[in-house]
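What follows is one structure encoded as structure tokens, with my remarks underneath.
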Ligand code: 0WD
């Protein structure tokens with residue numbers, strides 16, 4: 001029996017097998033969680049369905065977090081099917097590609113800034129609002145994915161830096177508000193991993209090389225390692241941890 005047996009988990013942000021959310025889903029399935037997935041846009045629907053079937057799930061829901069209607073419908077479907085939820089994984093981030101090249105000030109626009117913050121940070125609070133009623137009376141947990149660029153000016157991470165800083169502040173405010181209801185809220189700050197989202201950041205290869213060269217473990221991390229940490233953090237093994245940002249970055253943040 002795995003340490004997530006009996007837990008019902010919603011996983012957002014599977015865009016491909018390389019997605020961090022895919023690594024999380026595999027670890028959750030291995031540890032016995034029952035899974036539901038969301039996908040953004042019909043283009044990736046069948047890919048997410050295949051992934052769901054491979055992990056024993058048949059609950060796959062459309063969810064573009066810019067739509068209040070889709071957030072409502074997704075959680076309504078979960079309520080109908082499960083009646084409750086124990087874990088929500090938010091693994092969603094976006095900024096227009098042209099804002100992830102050149103300098104921050106040079107590339108930023110009002111529209112791009114707002115979009116990055118809405119999709120990458122506000123959406124976590126929105127999922128918290130929708131999940132809260134379904135998490136009552138359970139040892140529930142919410143989790144999001146962040147990056148060191150929230151705290152430090154990293155080359156070309158640009159507008160995603162302020163968006164991740166906002167996301168990390170959401171973790172703390174949500175943890176404080178939902179803690180009395182037994183709901184824990186945490187973030188994982190992952191080192192660079194080559195995924196679809198990462199491919200949008202110009203100079204990403206340099207980030208990978210820099211972390212491989214200087215991180216204490218002298219390598220980059222994998223989605224499996226992030227998945228294992230996410231499984232621990234959302235399980236009852238981590239019952240005393242909330243409002244935290246946990247680094248899974250081969251130690252880069254202490255030296256880089
Ligand atoms: O190095 C990395 N890859 C790191 C990623 C290091 C540290 C943190 N992260 C974060 C990202 O910022 C993001 O928050 O991890 C999270 C997941 O990112 P990922 O696994 O690297 O990227 P990807 O596989 O592309 O998944 C992100 C997904 C989107 O994928 P695409 O490539 O189709 O944009 O976020 C989803 C979408 O599936 N997404 C949305 N979902 C719902 N509504 C939306 C939206 N509006 N926009 C993007």
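In our numbering, the protein residues as written are 1 to 256. Each residue gets a CB set at the ideal place from its N, CA and C atoms; glycine is no exception. Everything numeric in this text was worked out from a predicted model, so none of it was measured.
Review point. Counting only runs that start and end within the stretch 47-93, where is the beta strand (DSSP E) found for 3 or more residues in a row?
Key: 59-62 and 87-90
Check your understanding: Can you find a heavy atom of the ligand 0WD that lies under 8 Å from the Cβ of residue 160?
Key -> In the chain shown, residue 160 corresponds to position 160, counting from 1. Yes - the ligand 0WD has a heavy atom lying nearer than 8 Å to the Cβ of residue 160.
Check your understanding: So which of 185, 254 and 47 has the shortest CA-CA distance to residue 131?
Key -> Reading the chain shown from its first residue, position 131 is the one you call residue 131. Among 185, 254 and 47, the Cα nearest to that of residue 131 belongs to 185.
Review point. Looking only at its own chain, which residues have a Cβ that is under 7 Å from the Cβ of residue 26, when we skip the five neighbours before and after it?
Key: As a working mapping, residue 26 is identified with position 26 in the chain shown. Cβ neighbours of residue 26 beyond the five flanking positions: 55 and 227.
Check your understanding: Per DSSP, residue 184 is paired with what?
Key -> For this step, residue 184 is matched to residue 184 along the chain shown. BP columns for residue 184 point to 141.
Practice item. Report yes if the C-beta distance between residue 237 and residue 246 is below 9 Å; otherwise report no. Key: Here residue 237 corresponds to residue number 237 of the chain shown, with the count starting at 1. Here residue 246 corresponds to residue number 246 of the chain shown, with the count starting at 1. Contact: no.
Check your understanding: Would the beta-carbon of residue 65 be found less than 8 Å away from any heavy atom of the ligand 0WD?
Key -> The count along the chain shown starts at 1 and reaches residue 65 at position 65. Yes, the Cβ of residue 65 comes within 8 Å of a heavy atom of the ligand 0WD.
**Study point:** Identity of the residues DSSP links to residue 190 by a beta bridge
**Key:** Here residue 190 corresponds to residue number 190 of the chain shown, with the count starting at 1. The partner list for residue 190 (beta bridge, DSSP) reads 248.
Check your understanding: Can at least three beta-carbon pairs, one atom from the stretch 40-51 and one from the stretch 74-86, be found at a separation below 8 Å?
Key -> no
Point to revise | Residues near residue 15 in its chain [Cβ-Cβ closer than 7 Å; skip 5 each side] | key: In the chain shown, the residue the question calls residue 15 occupies position 15. Closer than 7 Å at the Cβ level, and outside the excluded window around residue 15, lie 44 and 196.
Exercise for review: Can you grab the Cα-Cα spacing for the pair residue 255 / residue 188, in whole Å?
Suggested key: Position 255 of the chain shown, counted from the start, is the residue given in the question as residue 255. Position 188 of the chain shown, counted from the start, is the residue given in the question as residue 188. Taking the straight line joining both Cα atoms gives about 18 Å.
Review point. Got a sec? Which residues, its chain only, sit under 8 Å from residue 94 by beta carbon, not counting five neighbours each side?
Key: On the chain shown, position 94 is the one that residue 94 refers to. Excluding residues within five positions, the ones whose Cβ falls inside 8 Å are 115, 116, 119, 120 and 197.
**Study point:** Enclosing alpha helix (DSSP H) for residue 119 [first to last residue]
**Key:** For the purposes of this step, residue 119 is identified with residue 119 of the chain shown, where counting begins at 1. It is not in any alpha helix (DSSP H) - residue 119 carries neither H nor E in the DSSP assignment.
Practice item. Kindly give me the distance between the Cβ atoms of residue 32 and residue 4, rounded to whole angstroms, as I take these residues to be in contact under 8 Å. Key: Position 32 of the chain shown, counted from the start, is the residue given in the question as residue 32. Position 4 of the chain shown, counted from the start, is the residue given in the question as residue 4. The Cβ separation is near 5 Å, so the contact holds.
Practice item. Pull up the CB-CB distance for residue 217 and residue 250, whole angstroms please, since I reckon it's below 8 Å. Key: Here residue 217 is taken as the residue at index 217 of the chain shown, counted from 1. Here residue 250 is taken as the residue at index 250 of the chain shown, counted from 1. Residue 217 to residue 250, Cβ: 4 Å. Contact.
Check your understanding: How would you call residue 181, buried or exposed, if buried means at least 16 neighbouring beta carbons within 10 angstroms?
Key -> As a first step, residue 181 is located in the chain shown; it is residue number 181 there, counting from the start. Counting Cβ neighbours within 10 Å, residue 181 comes out exposed, since fewer than 16 surround it.
Check your understanding: Can you check whether the CB of residue 40 is closer than 9 Å to the CB of residue 64?
Key -> In the chain shown, counting from the first residue as 1, residue 64 sits at position 64. In the chain shown, counting from the first residue as 1, residue 40 sits at position 40. Yes.
**Study point:** Closer than 8 Å: residue 231 CB and nearest the ligand 0WD heavy atom
**Key:** As a working note, residue 231 is residue 231 in the chain shown. No; taking the cut-off as 8 Å, the Cβ of residue 231 has no heavy atom of the ligand 0WD nearer than that.
Practice item. Would you list the residues sitting across from residue 33 in a DSSP beta bridge? Key: In the chain shown, residue 33 corresponds to position 33, counting from 1. Partner(s): none; residue 33 has no beta bridge.
Practice item. Taking residue 167 as part of the alpha helix (DSSP H), name the residues at either end of that continuous run. Key: If you number the chain shown from 1, residue 167 lands on position 167. Start and end: 160-178.
Check your understanding: What did DSSP end up calling residue 10 once you bin it into helix, strand or coil?
Key -> The residue you call residue 10 lines up with position 10 of the chain shown. Reduced to three states, the DSSP call for residue 10 is strand.
Point to revise | Nonlocal neighbours in the same chain, by C-beta distance under 7 Å from residue 202, ignoring five residues either side | key: Stepping through the chain shown from its first residue, residue 202 is reached at position 202. Result list for residue 202: 100, 101 and 156, in chain order.
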